[in-house]
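Trainee: Have a look at the structure that comes next, please.
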DNA sequence: TCAACTATTCATGAAGTCTTGAAACGTTGA
DNA sequence: TCAACGTTTCAAGACTTCATGAATAGTTGA
């Protein structure tokens, strides 16, 4: 990963609402959520959410897909993994103590917390199958 | 780790010069480097470097120690590990694909690259043994 | 005590980001 | 065709961060 992309991802993550947004979408899983649902859940105005969503999508941390009149957002796991890998490997050179600090197990996170609230579209509305530009 | 601390750390990391600074100090190891040496290595003005150093130290990513007329800076491995752990565990809930993306081995980083250029003080100048406020 | 050295702080202006509300755009169903 | 809906875009102002050079402060050795 280039440094410029890493900087874009770190800047995108350095904001409370956007961190909440990532957490929500990680919990939701690959199905993702439509923008309006995210706005209601996080209590954000439509325009503010749209601003945050596009910041995260431009940074490669989210994917979006237009479905009917909704736009469904989901985390881009590869993008999230890449920025963490950048910090761990490129930046910290796999420094043994850094690695030790962040690779401890977390038995306190129950498995069901990881993929809750899967989003289901109303019947009859299929996905378009391609990622939005 | 609280979200406010994570945000401070992410903001501090979202800057090219500061990422270079972390990389340099990770490579240098626990001995650290004095501010002037860092400024010369990275080609930064003294005031600009001081600004970046205090941003990183306030975010808990560096430690400093006054030694003779120098201030020696070194990475805070626990702090660096904590922000990576925050992203991986608290934010991404150990999402399997995210974890898979960032835990691949990196045999391309030679071991000697991790702790090069250890800094040695001129003889007779001992450390004060306490971290600067 | 004084000059040299190391590092930090301060003031200034430039540049960038954030928030808000209004307007615009495309989709859907009547 | 038209109104309702979901979402994005835009403009303006508030706020924050950044870069620069000058001033300040502490340490050392003569």
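Residue numbers (the UniProt record's numbering), protein chains in the order written: chain A, 1 to 133; chain B, 1 to 133.
Cβ coordinates follow ideal geometry from the N, Cα and C atoms, glycine included.
1. Residue 23 of chain B CB to nearest chain A CB: under 8 Å?
2. According to DSSP, is residue 18 of chain A part of a helix, a strand, or is it coil?
3. Grab the span of the beta strand (DSSP E) containing residue 40 of chain B for me, first residue to last.
4. Let me see if you follow: with CB-CB separation under 8 Å, is residue 1 of chain B close to chain A or not?
5. Can you say whether residue 76 of chain A is buried or exposed, counting buried as having 16 or more other CB atoms within 10 angstroms of its CB?
6. For a cutoff of 8 Å on Cβ pairs, would you count residue 52 of chain A as touching chain B?
7. Which partner residues does residue 72 of chain A have in the DSSP bridge list?
8. The alpha helix (DSSP H) with residue 162 of chain A in it runs from where to where?
9. Mapping DSSP to helix, strand and coil, what is residue 81 of chain B?
10. Tell me whether the beta-carbon of residue 88 of chain A lies closer than 8 Å to the beta-carbon of residue 84 of chain B.
11. Based on Cα-Cα distance, which residue from A:66, A:94, A:98 and A:2 lies nearest to residue 36 of chain A?
12. In whole angstroms, give me the CA-to-CA distance for residue 38 of chain B and residue 90 of chain A.
13. Quick one, are the C-beta atoms of residue 13 of chain A and residue 19 of chain A less than 8 Å apart?
14. Among B:31, B:27, B:16 and B:33, whose alpha-carbon lies nearest the alpha-carbon of residue 52 of chain B?
15. Once DSSP output is grouped into helix, strand and coil, what is the label at residue 92 of chain A?
16. If we call anything under 8 Å between Cβ atoms a contact, is residue 62 of chain A one with residue 56 of chain A?
17. In three-state DSSP terms, what is residue 2 of chain A?
18. Verify the CB distance criterion: does residue 55 of chain A have a CB-CB separation below 8 Å to chain B?
19. Tell me the rounded alpha-carbon separation between residue 4 of chain A and residue 45 of chain B.
20. What's the C-alpha gap between residue 109 of chain A and residue 81 of chain A?
21. Measure the alpha-carbon distance for residue 129 of chain A versus residue 6 of chain A and round it to whole angstroms.
22. Below 8 Å between beta carbons is the criterion; list the residues of the stretch 12–43 of chain B that meet it against any residue of chain A, in chain order.
23. In chain B, what lies closer than 9 Å to residue 61 of chain A by C-beta?
24. Determine, for residue 78 of chain B, whether the minimum Cβ-Cβ distance to residues of chain A falls below 8 Å.
Mentor: By the coordinates alone:
1. yes
2. helix
3. Residue 40 of chain B -> not in any beta strand (DSSP E); alpha helix (DSSP H) instead, spanning 35–42.
4. Chain A contact via Cβ: absent.
5. Buried, since its Cβ has 16 or more Cβ neighbours within 10 Å.
6. no
7. A:34 and A:65
8. Because chain A is modelled from 1 through 133, residue 162 of chain A falls outside the range shown and cannot be assessed.
9. helix
10. yes
11. A:66
12. 19 Å
13. yes
14. B:16
15. coil
16. yes
17. Coil at residue 2 of chain A, not helix or strand.
18. Taking 8 Å as the CB threshold, residue 55 of chain A stays off the interface with chain B.
19. Cα-Cα distance, rounded: 22 Å.
20. Low per-residue confidence applies at residue 109 of chain A: pLDDT is 48, beneath 50, and the placement is therefore not dependable, though the value from the model is reported in the following sentence. Their Cα atoms are separated by approximately 19 Å.
21. Any reading at residue 129 of chain A must be qualified, since the residue scores a pLDDT of 35, below 50, and its modelled position is unreliable; no value is offered.
22. Of all residues in the stretch 12–43 of chain B, 13, 14, 15, 16, 19, 22, 23, 26 and 27 have a Cβ within less than 8 Å of some Cβ in chain A.
23. Per Cβ cutoff of 9 Å: no residues; residue 61 of chain A is ~10 Å from chain B at best.
24. Yes - at least one Cβ of chain A is within 8 Å of the one on residue 78 of chain B.
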